[in-house]
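Asker: Here it is, the structure in full.
Number of protein chains: 2
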Amino acid sequence: MSDAYEQPMKTVHVELGERRYPIYIAAGLLARNDLFPAHIQGRQVMVVTNETVGPLYLEAVAERLQVYQCESLILPDGEQYKNLAELNKIFDALLTRRFARDCTLVALGGGVIGDMTGFAAACYQRGVPFIQVPTTLLAMVDSSVGGKTGINHPQGKNMIGAFHQPRAVLIDTDTLATLDDRQLRAGIAEVIKYGLIRDEAFFSWLDANIEELLGRDPAALAYAIERSCLNKAEVVAADEREGGVRALLNLGHTFGHAIEAALGYRDWLHGEAVAAGMCMAARLSRRMGWLDVETLARIEGLIKRAELPLYAPPRLGAAALREFMAVDKKVKAGQVRLVLLRSIGEALMTADYAQGQLEAVLDESLSS
Amino acid sequence: MSDAYEQPMKTVHVELGERRYPIYIAAGLLARNDLFPAHIQGRQVMVVTNETVGPLYLEAVAERLQVYQCESLILPDGEQYKNLAELNKIFDALLTRRFARDCTLVALGGGVIGDMTGFAAACYQRGVPFIQVPTTLLAMVDSSVGGKTGINHPQGKNMIGAFHQPRAVLIDTDTLATLDDRQLRAGIAEVIKYGLIRDEAFFSWLDANIEELLGRDPAALAYAIERSCLNKAEVVAADEREGGVRALLNLGHTFGHAIEAALGYRDWLHGEAVAAGMCMAARLSRRMGWLDVETLARIEGLIKRAELPLYAPPRLGAAALREFMAVDKKVKAGQVRLVLLRSIGEALMTADYAQGQLEAVLDESLSS
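So the sequences go chain by chain: L and P.
Per the numbering used here, the very first residue in the first sequence carries number 851; after that it's consecutive.
Per the numbering used here, the very first residue in the second sequence carries number 851; after that it's consecutive.
Listed below in structure tokens is the structure:
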């Protein structure tokens, strides 16, 4: 039994006017009975989870939802299942159970479950509410916040989706206890991202505390989650639909998505691809003369200490990466725009880099 | 060659603030070079059409779009193809041609093409612009205006979709020349709907001019289209996301969707199902004492003169209809809400009807 009520709960708000919503962060939060009802209107609730997370936490969540008609759906686990066929299983389940427009969906799991459940909520009967209950570090600090939902297409990641904000995000840090080390490290990649693009002090804190995070020190994890959510919430509130500053959150993602798509969304975790992608962005920034050698070394050093990959898998080949980078959502007028770094804590979105330097980064990444 | 420039063009605006857009109505409009460019920002345009409409009008539309990278996709024709598999063909085409987020989709066809293309535009890269070029009367007067997009699910019509407004609606009334009589009549069903729910004078005009419409009198058709679009634009501007008055546009649709779903989206056209559904709604309204016998007879009389069905297909059975009505999007707290009539020109949404009277309406419809 968790001592939830003795723990102080942190609340970060995503300020989006009438679509404003809270991110609750605490150990033992899934033992509280008051949080779900505050964000559910109708009587029907569908919990969508996967084969890994379901056996661990579905019962606890269903217990909190006893007062509703609570149904659940268990999908397979993995990025390769973030597709149209699995999405359709959610629609099948909702229609088979006769779920009406006043139902609520609950996403219990990592980024894949959150993105797919959110997208199903965006489309079911042209939009129903949903609640995020992220159980991986990556989902807690990034994908569950901000309303980006969607699925992959064989030709590109997150190519089909919608902006659809959740009604609330419930982060029970106790669920990290069952997260394997590799998933934890993948989440740390996105945590490091906030430091790199807009929070130099946080980067320095991470540099000093990376071992505590890898060792699952509860206070360090709670702080990293809260600070990441604060960063994400600020950016989303300023630019919900990614017309400007929000695009900087994609540091490492154009490279990373190309790696993931080229691998068929298998073998590598999203956070691992992003880690390699951030290194590639840093190297291109160095080649453009925007970062000095020491700063590049400091970035690569932290990612290495986090036991994350610094390079794309050599077997992919530069041609495949180029191909997949060309379908990125940030392509404008035929030119791939990239998020690059001016310093630790300052990113920019630009198409104004030398093509030859990008080629060199792709080549060195693959010959490593 | 059309004498487009000699025809006066009517413009109806859908007033939605920064998402405001025009509906252009004229004969020969597809011969004009000025309308598309006013509503296209990027360089890539994908025209989505079907096997019936494509051979007739794709060339003319492509000619107007010569200055862009103009691609096209031809889907099969029919409501039974408004599904996930066909939707995915649009995503495949967009990704194969490397379409970026600044592309524009053009829906050239009837309601099925408009709904699917609009939904693809809503989801592709989380939202790209699109333009409606309706070529059926039904699409011109109803489905192309207002931003409701989506696809069917085997268990219910339009169950998966999004609100996504077009940038413009281009109605070339010349395209009605190639519309077969049955499709024309199906469109007239939705025209009659506007008279029934909110425009008594228009209903009287239709009563006096139904033979002219069926005889394709150009002036009568142009007037009916413009007046229908004006009605639709007013309702959508007042209630874009169907929180209130917009729901009245669904007169006959809960019955009609159940008929369509029970038929597997084959055999009957949407407008035909709506016509029978409006008669069923009128009969239930009569049974509740809200309509008098003469008014019911007047409504049924007009629909009969329009050569549209007054009853659901007897072979379906009341149980099947009840089953499909229960998944309607307007179900709230387990109760099916219906749009019923207080008089010609005045509709209401209510769950406050006698269940036994609804059963009687379903039974009499099927024993007719």
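Where is the CB? At the ideal position from N, CA and C, for every residue including glycine.
Owing to the predicted nature of the structure, the values given are computational and were not obtained by experimental measurement.
Going by beta-carbon coordinates alone, are S922 (chain L) and V897 (chain L) separated by less than 7 Å?
Answerer: yes
Asker: If you measure between the beta carbons of G1037 (chain L) and L1099 (chain L), is that distance less than 7 Å?
Answerer: no
Asker: In terms of alpha-carbon separation, which member of L:I1060, L:I1109 and L:P1016 lies closest to R1172 (chain L)?
Answerer: L:I1109
Asker: For a test of the three-state rule: what should DSSP assign to N1194 (chain L), helix, strand or coil?
Answerer: Looking at the sequence provided, one finds Ile at residue 1194 (chain L) rather than Asn. I1194 (chain L): coil per DSSP, three-state reduction.
Asker: Would you mind stating whether L1146 (chain L) and A1039 (chain L) have Cβ atoms separated by less than 7 Å?
Answerer: no
Asker: Nearest to R893 (chain L) by CA position, among P:V1181, P:S1054 and P:A970, is which residue?
Answerer: The candidate whose alpha carbon is nearest that of R893 (chain L) is P:V1181.
Asker: Pull the bridge partners of G1000 (chain P) from the DSSP assignment, please.
Answerer: P:G1011
Asker: Output yes or no for whether 7 Å exceeds the beta carbon distance between A1111 (chain L) and K998 (chain L).
Answerer: No, the pair does not count as a contact, with Cβ atoms beyond the cut-off.
Asker: Buried or exposed for G1184 (chain L), going by 16 or more other Cβ atoms inside 10 Å?
Answerer: exposed
Asker: Taking 8 Å as the limit between beta carbons, can you name the residues of its chain near H1014 (chain P), skipping five residues before and five after?
Answerer: G968, F969, A971, A972, G977, F980, G997 and T999
Asker: Report yes or no: is there a C-beta of chain L within less than 7 Å of the C-beta of I940 (chain P)?
Answerer: At a cut-off of 7 Å between beta carbons, I940 (chain P) makes no contact with chain L.
Asker: Please confirm if the segment 1071-1088 of chain L is in contact with the segment 1017-1030 of chain L, defined as three or more CB-CB distances below 8 Å between the two stretches.
Answerer: Two segments are said to touch when three or more pairs of C-beta atoms, one from each, lie closer than 8 Å; by this definition the segment 1071-1088 of chain L touches the segment 1017-1030 of chain L.
Asker: Pick helix, strand or coil for T1025 (chain P), following the three-state DSSP scheme.
Answerer: helix
Asker: Which runs of the alpha helix (DSSP H) spanning at least 4 residues fall entirely within the segment 1120-1176 of chain P, listed in chain order?
Answerer: 1120-1137, 1143-1155 and 1168-1175
Asker: Can you pull the chain P residues whose beta carbon is under 7 Å from the beta carbon of G1000 (chain L), in chain order?
Answerer: R976
Asker: Taking C-beta pairs closer than 8 Å, name the residues in chain P that M1009 (chain L) reaches, listed in chain order.
Answerer: F941, L945, Y974 and Q975
Asker: Going by other Cβ atoms of all chains shown within 10 Å of its Cβ, with 16 needed for buried, is P887 (chain L) buried or exposed?
Answerer: With fewer than 16 neighbouring CB atoms inside 10 Å of its own CB, P887 (chain L) falls in the exposed class.
Asker: Ignore the nearest five residues each way along the sequence and tell me which others in L880 (chain P)'s own chain have a CB closer than 6 Å to its CB.
Answerer: A910 and D1022
Asker: If you drop the 5 nearest sequence neighbours on each side, which residues of the same chain put their C-beta closer than 6 Å to that of G1011 (chain L)?
Answerer: F969, T999 and G1000
Asker: Helix, strand or coil: how does DSSP classify L958 (chain L) here?
Answerer: Here DSSP, grouped into helix, strand and coil, assigns L958 (chain L) to strand.
Asker: Which residues in chain L have a C-beta closer than 7 Å to the C-beta of H1003 (chain P)? List them in chain order.
Answerer: F941 and L945
Asker: Assign R1133 (chain L) to one of two classes, buried (16 or more other C-beta atoms within 10 Å of its C-beta) or exposed (fewer than that).
Answerer: R1133 (chain L) is buried by the Cβ-count criterion.
Asker: Under the three-state reduction of DSSP, which class applies to G1255 (chain L): helix, strand or coil?
Answerer: Limits of chain L in this structure are 851 at one end and 1218 at the other, which puts residue 1255 (chain L) out of reach.
Asker: Any Cβ of chain L within less than 7 Å of the Cβ of F1013 (chain P)?
Answerer: yes
Asker: Which residues of chain L have a Cβ atom closer than 7 Å to the Cβ of G1006 (chain P), listed in chain order?
Answerer: Chain L residues near G1006 (chain P): L945.
Asker: Is there at least one Cβ from chain P nearer than 7 Å to R948 (chain L)'s Cβ?
Answerer: yes
Asker: Roughly how many angstroms separate the alpha carbons of D1057 (chain L) and I1153 (chain L), rounded to a whole number?
Answerer: 10 Å
Asker: Verify the CB distance criterion: does K1082 (chain P) have a CB-CB separation below 7 Å to chain L?
Answerer: no
Asker: What residue does the beta strand (DSSP E) around Q894 (chain L) start on, and which one ends it?
Answerer: Q894 to N900
Asker: Go through its chain and collect everything with a Cβ distance to E901 (chain L)'s Cβ below 8 Å, but skip five positions before and after it.
Answerer: I924, L925, P926 and D927
Asker: Rounded to the nearest angstrom, what separates D952 (chain P) and G960 (chain L) at their Cα positions?
Answerer: Looking at the two C-alpha atoms, the distance is approximately 30 Å.
Asker: Using the beta-carbon count (16 or more within 10 Å), is G1151 (chain P) buried or exposed?
Answerer: exposed
Asker: Quick one, which residues of the segment 1168-1180 of chain L are near chain P if we go by CB-CB under 7 Å, in chain order?
Answerer: A1176, V1177 and K1179
Asker: Between L934 (chain P) and chain L, is there a C-beta pair that is closer than 7 Å?
Answerer: yes
Asker: Exposed or buried, which one is G1121 (chain P) when buried takes at least 16 other CB atoms within 10 Å?
Answerer: buried
Asker: Closer than 7 Å, CB to CB, is H863 (chain P) near chain L or not?
Answerer: When Cβ-Cβ separations below 7 Å define contact, H863 (chain P) makes no contact with chain L.
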